[in-house]
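Engineer: Residue numbers (the numbering used here), protein chains in the order written: chain A, 491 to 756; chain B, 27 to 343.
1) Taking only beta carbons into account, state which residues of the segment 65 to 83 of chain B come closer than 7 Å to chain A, listed in chain order.
2) Looking at residue 193 of chain B: is its Cβ nearer than 8 Å to the Cβ of residue 155 of chain B?
3) Is it the case that the segment 240 to 251 of chain B contacts the segment 211 to 223 of chain B, given that we only count it when at least three CB pairs across the two stretches are under 8 Å?
4) Closer than 8 Å, CB to CB, is residue 222 of chain B near chain A or not?
5) Between B:304, B:241, B:143, B:309, which has its C-alpha nearest residue 112 of chain B's C-alpha?
6) Could you give the first and the last residue of the continuous alpha helix (DSSP H) run that contains residue 215 of chain B?
7) Assign residue 83 of chain B to one of three DSSP states: helix, strand, or coil.
8) Which complete alpha helix (DSSP H) runs does the segment 89 to 170 of chain B hold, if anything under 4 residues is left out?
9) Which residues does DSSP list as the beta-bridge partners of residue 752 of chain A?
10) Establish whether the CB of residue 28 of chain B and some CB of chain A are separated by less than 8 Å.
11) Roughly how many whole angstroms lie between the Cα atoms of residue 145 of chain B and residue 551 of chain A?
12) Let me make sure I understand the geometry here. Which of A:742, A:565, A:683 has the alpha-carbon closest to that of residue 553 of chain A?
13) Against chain B, which members of the segment 624 to 653 of chain A pass a CB distance test of less than 7 Å?
14) At the level of alpha carbons, what is the spacing between residue 329 of chain B and residue 81 of chain B?
15) Three-state secondary structure (DSSP) at residue 291 of chain B?
16) Compute the Euclidean distance between the alpha carbons of residue 171 of chain B and residue 135 of chain B, then round it to the nearest angstrom.
17) Can you tell me whether DSSP reads residue 300 of chain B as helix, strand or coil?
18) How many Å lie between residue 37 of chain B and residue 243 of chain B at the Cα?
19) Using a C-beta cutoff of 8 Å, does residue 184 of chain B count as contacting chain A?
20) Where does the unbroken alpha helix (DSSP H) through residue 623 of chain A begin, and where does it stop?
21) Spatial neighbours of residue 107 of chain B within its chain, please: C-beta separation below 6 Å, excluding the five flanking residues on both sides.
22) Identify, in the order they occur along the chain, each residue of the same chain with its Cβ nearer than 7 Å to the Cβ of residue 40 of chain B, setting aside the five sequence neighbours on each side.
23) For residue 526 of chain A, which of helix, strand or coil comes out of DSSP?
24) Smallest Cα separation from residue 201 of chain B: which of B:235, B:221, B:225, B:191?
25) Would you list, in chain order, the members of the segment 143 to 158 of chain B that have their beta-carbon closer than 9 Å to a beta-carbon of chain A?
26) Three Cβ pairs or more, each shorter than 8 Å: is that satisfied between the segment 686 to 704 of chain A and the segment 615 to 623 of chain A?
27) Let me check one thing: in DSSP terms, what residues is residue 180 of chain B bridge-paired to?
28) Considering only the alpha carbon of each residue, which of B:133, B:152, B:150 lies closest to residue 8 of chain B?
29) Check whether the Cβ of residue 581 of chain A lies closer than 8 Å to any Cβ atom in chain B.
30) Identify whether residue 356 of chain B lies in helix, strand or coil by the three-state DSSP scheme.
31) Does residue 126 of chain B pass the burial test, meaning 16 or more other C-beta atoms within 10 Å, or should it be called exposed?
32) State buried or exposed for residue 78 of chain B, treating a residue as buried only when at least 16 other CB atoms are found within 10 Å of its CB.
33) Compute the Euclidean distance between the alpha carbons of residue 51 of chain B and residue 230 of chain B, then round it to the nearest angstrom.
34) Which residues of the segment 497 to 513 of chain A have a Cβ closer than 7 Å to any Cβ of chain B? Give them in chain order.
35) In the DSSP assignment, the beta strand (DSSP E) including residue 744 of chain A goes from what residue to what residue?
36) According to a CB-to-CB cut-off of less than 7 Å, which residues of the segment 112 to 131 of chain B neighbour chain A?
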């Protein structure tokens, strides 16, 4: 930060104006004394243009980040929820890229009032997509790197996950709900059902994978730093024959989607 | 107040620019990535909204890298908050400098405005009072930014919906003094001049005549929205909002012609940010500037018996 002496008149004026613009009430007290009178609009109406724009911009930001939540809640409840969020979360960054980060937790605290228990988890998924978009995913593990690992090194091999990978364990099938939403199927509220979902980005493409429990367990183990051999042994112990038969193909898809950034050998 | 060495840096930076005068550009928007990268339209240059490519290490930069490999760009920001009394954000400046280096941008611009105070951000461009105190405050900060960026800053006249009481300078007087004091250059947004002239009831043509056109390094045109309203006593309170939506109004093109006649020979950029149509339509609207440039230059240049106009040609490689 570069600190200069504050110009007192300008500072007082900015603090007064910013309070008027960002306060929840239709407060324009002092406008007649501080603004030029005359012209096409009265002072309060002029302040209101900025007040309305402040809220509209933040609502638009949340609507961009959470379209499936908006569908799940319906337009009216979503807007009310967003307005309450905006009122309690003034932006503290020059960028709006991460303004919506606390929205999933905000929804969780209101889940009962929203009568939609799955919405906070859906919001987590949508936020994971935003994070994947902005994360650094420059370094990617190529499958050829695994081919170079010697047989005696496999037991100690660990995978380094990409900074763009997010793995979510959910109490609702939010991946299935989201998929139906993007396919314009207008999904209804789902019943409880344990599920998992992984989100990652490689280059310009963002990938989303639904995960059944064995796959979720495997990916969580790898993310948490377990040796590959150990994670695979745990997977095989709980996987069905069909899941086990898909291991090589699925692992290849994860590598291709950029889940991993590299390997380490102890 | 004393002028700084930045004035000399302006001319050298301008001459080194990869964007020729009166080249016609379009504001880069993510909705158009596929068209731009897939069809490689013949656009002279793009203006990149710098804030959209800061605070990210991800996909926006991946797209931007591919676009800047093919087209010249300039950076245009909304988050510098040059008028705020909060300390200048050096982390923001560092990211901005890194983005300029990454993109090879011809210049970096932002608005004569502030966006927040006390560590809170309104994400809007708020008006400044046109006082000597505010002028000195902003000038000091412009110097600091220019020293940090090691390049002149380009400042845009903003659209506003209110004016603070107590101003001792007019808006063009304030801008002229700021540019003279700092050596910064001007991004003249013609739509903003028109919007403000309606909202604050001043003569837009007189406003343009008061500006130092030799300091203009870029021109903006855009659409705006007309809001019909009634005042408290039932009087007409129709006003304009700078929405960057829709085609450029004929009144704005007329002011644009006047700016060119007055000597503003700078790259032209169309901003379109709301209800964004397909790229072809936006580009076609931007190219309307050629007709107005020719009309403006035809009058003034013929009278001098020579033409300075170099119509933009060629587009992207």
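Even for Gly, the Cβ is constructed at its ideal location relative to N, Cα and C.
Structural biologist: Inspection of the coordinates gives the following:
1) Taking 7 Å as the Cβ-Cβ cut-off against chain A, the residues of the segment 65 to 83 of chain B that qualify are 77, 80, 81, 82, 83.
2) Stepping through the second chain from its first residue, residue 193 of chain B is reached at position 167. Stepping through the second chain from its first residue, residue 155 of chain B is reached at position 129. The answer is yes: Cβ separation under 8 Å.
3) yes
4) Residue mapping note: residue 222 of chain B aligns to position 196 of the second chain, counting from 1. Not one chain A Cβ lies under 8 Å of residue 222 of chain B.
5) Numbered from its first residue, the second chain carries residue 112 of chain B at position 86. Comparing Cα positions, the closest option is B:143.
6) Position 189 of the second chain, counting from 1, holds the residue named residue 215 of chain B. Residue range 211 to 215 is occupied by the beta strand (DSSP E) that includes residue 215 of chain B, with no alpha helix (DSSP H) assigned at that position.
7) Along the second chain, read from residue 1 onward, the residue named residue 83 of chain B stands at position 57. DSSP places residue 83 of chain B in coil when its eight states are reduced to three.
8) 116 to 129
9) The residue given as residue 752 of chain A occupies position 262 in the first chain. A:650, per the DSSP bridge assignment.
10) Walking along the second chain from the start, residue 28 of chain B turns up at place 2. Confidence at residue 28 of chain B is low in this model, with a pLDDT of 37, below 50, so the placement of that residue should be treated as unreliable; the coordinate-derived value is given next. Not an interface residue.
11) On the second chain, position 119 is the one that residue 145 of chain B refers to. On the first chain, position 61 is the one that residue 551 of chain A refers to. Computed Cα separation, rounded: 20 Å.
12) The residue labelled residue 553 of chain A in the question sits at position 63 within the first chain. When only C-alpha atoms are compared, the closest one is A:565.
13) 624, 625, 626, 627
14) Working through the second chain from its first residue, we reach residue 329 of chain B at position 303. Working through the second chain from its first residue, we reach residue 81 of chain B at position 55. Bear in mind that a pLDDT of 38 at residue 329 of chain B, under 50, signals an unreliable position, so the number given afterwards is only what the model happens to contain. If you take the alpha carbons of residue 329 of chain B and residue 81 of chain B, they lie about 51 Å apart.
15) Locating residue 291 of chain B in the second chain gives position 265, counting from the first residue. For residue 291 of chain B, the three-state secondary structure derived from DSSP is coil.
16) Mapped onto the second chain, residue 171 of chain B falls at position 145. Mapped onto the second chain, residue 135 of chain B falls at position 109. Approximately 11 Å between the Cα atoms of the pair.
17) Along the second chain, read from residue 1 onward, the residue named residue 300 of chain B stands at position 274. In the structure shown, residue 300 of chain B sits in a strand (DSSP, three-state: E or B).
18) If you number the second chain from 1, residue 37 of chain B lands on position 11. If you number the second chain from 1, residue 243 of chain B lands on position 217. Confidence is the limiting factor: at residue 37 of chain B the pLDDT is only 38, short of 50, which leaves the residue's position unreliable and the question unanswerable from this model.
19) Here residue 184 of chain B corresponds to residue number 158 of the second chain, with the count starting at 1. Not one chain A Cβ lies under 8 Å of residue 184 of chain B.
20) Translated into positions along the first chain, residue 623 of chain A becomes position 133. That run of the alpha helix (DSSP H) goes 609 to 624.
21) Locating residue 107 of chain B in the second chain gives position 81, counting from the first residue. For residue 107 of chain B, where only same-chain residues beyond five positions count, the Cβ hits under 6 Å are 140, 141.
22) Here residue 40 of chain B refers to the residue found at position 14 of the second chain. Low confidence applies here, because residue 40 of chain B scores a pLDDT of 40, under 50, leaving its location unreliable; read the following figure in that light. If we look at residue 40 of chain B and ignore the five residues flanking it on each side, its Cβ neighbours are 243.
23) Numbered from 1 along the first chain, position 36 holds the residue referred to as residue 526 of chain A. Here residue 526 of chain A sits in coil by DSSP.
24) The count along the second chain starts at 1 and reaches residue 201 of chain B at position 175. When each option's Cα is compared against that of residue 201 of chain B, the closest is B:235.
25) 143, 144, 145, 146, 147, 148, 149, 150, 152, 153, 154, 155, 157
26) yes
27) For the purposes of this step, residue 180 of chain B is identified with residue 154 of the second chain, where counting begins at 1. According to DSSP, which records beta bridges pairwise, residue 180 of chain B is partnered with B:135, B:211.
28) No information on residue 8 of chain B is available, as it lies outside the stretch 27 to 343 that chain B covers here.
29) The residue you call residue 581 of chain A lines up with position 91 of the first chain. Contacts with chain B at 8 Å (Cβ-Cβ) include residue 581 of chain A.
30) Residue 356 of chain B lies beyond the residue range present for chain B, which begins at 27 and ends at 343; the question has no answer from this structure.
31) Looking up residue 126 of chain B in the second chain gives position 100. Result: buried.
32) To locate residue 78 of chain B, count along the second chain from 1; it is residue 52. That one is buried.
33) Here residue 51 of chain B is taken as the residue at index 25 of the second chain, counted from 1. Here residue 230 of chain B is taken as the residue at index 204 of the second chain, counted from 1. Each residue's Cα considered, the two are about 24 Å apart.
34) 497, 499, 500, 501, 503, 504, 505, 507, 508, 511, 512
35) Position 254 of the first chain holds residue 744 of chain A. Per DSSP, residue 744 of chain A lies in no beta strand (DSSP E) segment; the continuous alpha helix (DSSP H) that holds it begins and ends at 737 to 746.
36) Along the segment 112 to 131 of chain B, going in chain order, the ones with a CB nearer than 7 Å to a CB of chain A are 113, 114, 115, 116, 118.
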